Every structure is written in C-alpha cells, then in structure tokens.
Ligand code: HEM
Ligand code: HEM
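In our numbering, the protein residues as written are 317 to 494.
The structure is reproduced here in structure tokens:
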C-alpha cells in the first residue's frame, strides 16, 4: 500500500479544516468568560472525536509504510512531527475544555451538555488555559511547516508524498514510482 486509506484521508482533510476554523473562532485573553465562542468549542471537540477513529484506523493498518530505506532520518523526522501533531490534536481540545470549566463557561457539543472538568475560579484560569492558548498557536505554525515539508517532498524530492494524502490518487502507486 502506498497511499493512505480513504478513511484516513477523509479524516486528515476534515481535521485540517476544523483546526483552522477552531483557530479563527478562538476567543482569548479571558474574554471567553463573557463572550464564549460555541463554534470554537464545537469544532475543537469534533477534532478530538475524529482523532479516535483515526488512530484506530492507523493501528489497524490504514497508514502506508514509508518505503525509502535510504532516507531513514526523514522517516524518523516525519514520525516525530506526526506524533507531535497527534499529541496536540488530543491535548488542545482537552485543555480547552478544562480552560472553559475553569472560566465557569458551560461546554456543549451539538446541543449535548458536557460535564465540567474542574471547579470554576474567579480570576485567571491558570496555566493549563495559558498552555491551551500557546498550543493553539503552535499547532498552526507546525501545520504550516508540515505543509511546506509535504510540498518539498512532492516537488523537490519528487517522491509523491502529497499523493499519499490525495483521495483521487490510485490506491497503489508502488508499480509506477520513479
Ligand atoms: C491542521 C492541518 C493539518 C494537520 C493537523 C495534519 C496532520 C497530519 C498528521 C497527524 C499526519 C500523519 C498521518 C499518519 O501517518 O497517521 C499527516 C500526514 C500528511 N499530511 Fe497533514 N495535516 C494538516 C494539513 C496538511 C496540509 C495543508 C498538507 C499539504 C499541503 C498536508 C499533507 C500531508 C501529507 C502529504 C501527509 C502524509 C505524509 C506521509 O505520507 O508521510 N497536511 N498530517
Ligand atoms: C484543535 C482544537 C483547538 C484549537 C486549535 C484551539 C485554539 C485556541 C487558541 C489559539 C486560543 C487563544 C485565542 C486568543 O488568544 O486570541 C484558544 C482559547 C480558548 N479555547 Fe481553544 N482551541 C481548540 C479547542 C478548544 C476546545 C475543544 C475548547 C472547549 C471545549 C476550547 C476552549 C477555549 C477557551 C475557553 C479559550 C480561552 C482561554 C482563556 O481565555 O484563557 N478550545 N483556543
């Protein structure tokens, strides 16, 4: 298998859109207490929900092996970068949920009320909320880098990396790889 499975590809691009929407709808600087963005909560929680089938599919073999043994350092770097992205895709929604609870803002997902993760406080919501804000910006920088690396693979190294995430590419490109 050269390409990712259709389910992995669909979740990859859907998650990408949701993360960008989450970033644009974020309300920081404690304004979330008075003017919370429920779109931000909903798309952020959707990211968390999608990570579960994604990791399950990956574990069941829906991600292709990297097939260039001569470029082992690239393989390692890609694995480290992807792991960090996965960590953020889980930690960001959870820390955001926690931050909302600290601020005393109720969290719901598509009309379903969710429990508070901690006691609310009057003043600053604390370090986890700060980490959430920093992590929310960090993921955008990382994704920019991730996209640039994917384009570098595709157009400079010409190893067809982008086609691995293309839903229209043939499922097996191994035969005609250059
Ligand atoms: C918020 C946006 C994005 C996130 C969170 C994200 C996350 C990820 C993750 C976690 C993987 C690893 C998949 C796995 O092996 O399980 C991956 C793979 C990939 N992503 Fe993204 N991505 C984003 C945007 C993009 C963009 C904009 C591009 C292209 C310009 C892109 C191109 C790719 C490609 C080609 C792969 C496969 C890499 C390989 O085969 O080793 N991604 N992405
Ligand atoms: C991928 C998912 C998410 C991303 C990328 C993200 C990103 C961000 C960013 C960048 C900020 C800071 C905005 C600013 O300073 O102007 C922020 C704030 C916030 N987010 Fe998220 N977020 C995500 C998920 C969530 C979720 C799921 C929730 C709640 C259920 C949430 C709740 C909050 C709250 C309450 C704040 C304000 C924190 C404060 O004022 O200290 N976020 N988010």
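Think of the CB as a built atom: it goes at the ideal place given N, C-alpha and C, for glycine as much as any other residue.
Small disclaimer: the values here were computed from a predicted structure and weren't measured.
Verify the contact flag: residue i, CB atom, against every heavy atom of ligand 1, threshold strictly below 7 Å.
i	result
residue 463	yes
residue 467	yes
residue 477	yes
residue 453	no
residue 398	yes
residue 403	no
residue 481	yes
residue 418	no
residue 374	yes
residue 328	yes
residue 379	yes
DSSP on residue i, reduced to helix/strand/coil?
i	result
residue 426	coil
residue 344	coil
residue 374	helix
residue 474	coil
residue 331	helix
residue 319	coil
residue 484	coil
residue 411	helix
residue 466	helix
residue 417	helix
residue 380	coil
Going by the CB atoms, is the gap between residue j and residue i shorter than 8 Å?
i	j	result
residue 327	residue 483	no
residue 323	residue 379	no
residue 402	residue 367	yes
residue 348	residue 459	no
residue 319	residue 485	yes
residue 415	residue 444	yes
residue 359	residue 338	yes
residue 423	residue 340	no
residue 448	residue 390	no
residue 342	residue 452	yes
residue 432	residue 411	no
residue 331	residue 426	no
residue 477	residue 466	yes
residue 419	residue 441	yes
Should residue i be counted as a contact of ligand 2 given a C-beta to heavy atom distance under 7 Å?
i	result
residue 357	yes
residue 449	yes
residue 338	yes
residue 333	no
residue 422	no
How about residue i: is its C-beta nearer than 8 Å to some C-beta of chain D?
i	result
residue 352	Of the chains in the structure shown, none is chain D; there is only one protein chain.
For residue i, is the beta carbon positioned less than 7 Å from some heavy atom of ligand 4?
i	result
residue 343	As for ligand 4, it is missing from this structure, which binds only ligand 1 and ligand 2.
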